[in-house]
Amino acid sequence: MHPIPFDPAATEVRLPAPAKINLFLHIVGRRPDGYHLLQTAFRLLDWGDEIQLSLRSDGRILRTTDVPGVPPETDLVVRAACALQQATGSSQGVEIGVCKRIPMGGGLGGGSSDAATVLIALNRMWGCKLPGKRLQEIGLSLGADVPFFVFGETAFAEGVGEALQALSVAPAWYVVIAPGVSVPTAEIFSAEELTRNTEPIIMRAFATHTTRNDMQATVCKRFPEVAEALVWLSQYGAARMSGSGACIFAPFDSEEEARQVAAAAPQGWKVWVASGLDRHPLQGWLV
Numbered sequence: 000m001h002p003i004p005f006d007p008a009a010t011e012v013r014l015p016a017p018a019k020i021n022l023f024l025h026i027v028g029r030r031p032d033g034y035h036l037l038q039t040a041f042r043l044l045d046w047g048d049e050i051q052l053s054l055r056s057d058g059r060i061l062r063t064t065d066v067p068g069v070p071p072e073t074d075l076v077v078r079a080a081c082a083l084q085q086a087t088g089s090s091q092g093v094e095i096g097v098c099k100r101i102p103m104g105g106g107l108g109g110g111s112s113d114a115a116t117v118l119i120a121l122n123r124m125w126g127c128k129l130p131g132k133r134l135q136e137i138g139l140s141l142g143a144d145v146p147f148f149v150f151g152e153t154a155f156a157e158g159v160g161e162a163l164q165a166l167s168v169a170p171a172w173y174v175v176i177a178p179g180v181s182v183p184t185a186e187i188f189s190a191e192e193l194t195r196n197t198e199p200i201i202m203r204a205f206a207t208h209t210t211r212n213d214m215q216a217t218v219c220k221r222f223p224e225v226a227e228a229l230v231w232l233s234q235y236g237a238a239r240m241s242g243s244g245a246c247i248f249a250p251f252d253s254e255e256e257a258r259q260v261a262a263a264a265p266q267g268w269k270v271w272v273a274s275g276l277d278r279h280p281l282q283g284w285l286v
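Just so you know, numbering that gives the first Met the number 0 puts 3 at position 4 of the sequence shown, and the rest follows in order with no gaps.
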């Protein structure tokens with residue numbers, strides 16, 4: 000995905016909403032309100048959903064594509080547009096189309112990325128001119144991963160995922176496997192056996208520190224399909240679950256190596272190859 004310049008004359012656009020992976024995910028505590036305190040490293044992938052936006056002058060916000068199991072009023076893209084409208088008092092509207100490639104319940108941030116693309120794009124197209132930090136605040140009200148996608152670069156994250164610092168990581172190609180199950184995040188976070196007391200690390204120790212995904216064992220126990228994909232991909236590289244699952248990924252040094260591994264995957268699995276993306280293609284749209 001190349002950087003996309005902003006065209007102030009455009010009233011209809013098709014824009015990327017890249018997937019993310021969590022290079023690690025530690026649960027280091029719990030707030031009094033029940034939210035879990037995390038440490039993680041987010042990385043964008045050069046692959047994901049696509050969002051189509053067509054401006055309206057009547058203030059209405061409409062979703063023009065059907066997303067199975069997700070009514071328009073609960074869809075994060077609609078909620079993002081409504082939240083921006085409410086925050087700015089904008090009288091403009093939009094029609095939103097979603098080309099879904101990122102699996103739902105996969106731990107790749109699809110809904111959050113879609114919402115961030117809508118926030119970033121409409122902030123410019125509606126002429127709202129909110130700074131990136133304010134968009135991150137609005138995004139946090141929609142979901143814990145949304146601020147990262149607005150931040151738009153590889154990041155070390157803390158808190159519930161909203162405290163972000165830019166992080167430099169080596170280039171890599173990734174094989175990503177969707178095992179065919181959707182993992183309910185809330186169910187995993189409420190699991191009795193989930194580890195919630197991992198010792199915090201500091202960002203500069205990330206590269207040399209032994210890390211893991213604290214949710215992986217719980218998900219594998221409850222979803223054998225995830226465990227099966229993890230065992231299979233571990234034959235070829237350092238496989239790990241992303242987020243709260245269900246998707247599994249492993250890094251490789253070259254596209255050729257990653258594609259060879261992907262080609263060997265059992266029939267019926269959904270498998271993608273994507274490179275790490277250092278910057279969101281819409282970063283130039285932030286004001």
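Here a beta-carbon is modelled for each residue, glycine too, at the ideal position from N, C-alpha and C.
| Check | Outcome |
| --- | --- |
| Sufficient close CB pairs (3 or more, under 8 Å) joining the stretch 136 to 147 to the stretch 69 to 82 | yes |
| Exposure of residue 113, with buried meaning 16 or more beta-carbon neighbours within 10 Å | buried |
| Beta-carbon contacts of residue 66 that lie in its chain and below 8 Å, excluding the five residues immediately before and after | 74, 97, 99 |
| Anticipated Cβ contact below 8 Å, residue 173 with residue 82, distance rounded | Not a contact, Cβ separation roughly 31 Å. |
| Residue span of the alpha helix (DSSP H) that contains residue 133, given as start and end | 131 to 139 |
| Residue 21 - DSSP class collapsed to helix/strand/coil | strand |
| For residue 127, three-class secondary structure by DSSP | coil |
| Validate contact between the stretch 202 to 222 and the stretch 15 to 24 using beta carbons, cut 8 Å, 3 pairs | yes |
| Other residues of its chain near residue 8: CB distance less than 8 Å, five sequence neighbours each side excluded | none |
| Sub-8 Å separation of residue 106 and residue 275 beta-carbons | no |
| Close Cβ partners of residue 0 (< 7 Å) along its chain, the five nearest in sequence each way excluded | 15, 17, 45, 276, 280 |
| Residue 212 to residue 58 span [Cα, whole Å] | 43 Å |
| C-beta atoms of residue 38 and residue 199 nearer than 8 Å | yes |
| The alpha helix (DSSP H) enclosing residue 90, as first and last residue numbers | Element bounds for residue 90: n/a, residue is neither H nor E. |
| Alpha-carbon spacing of residue 240 relative to residue 229, whole angstroms | 7 Å |
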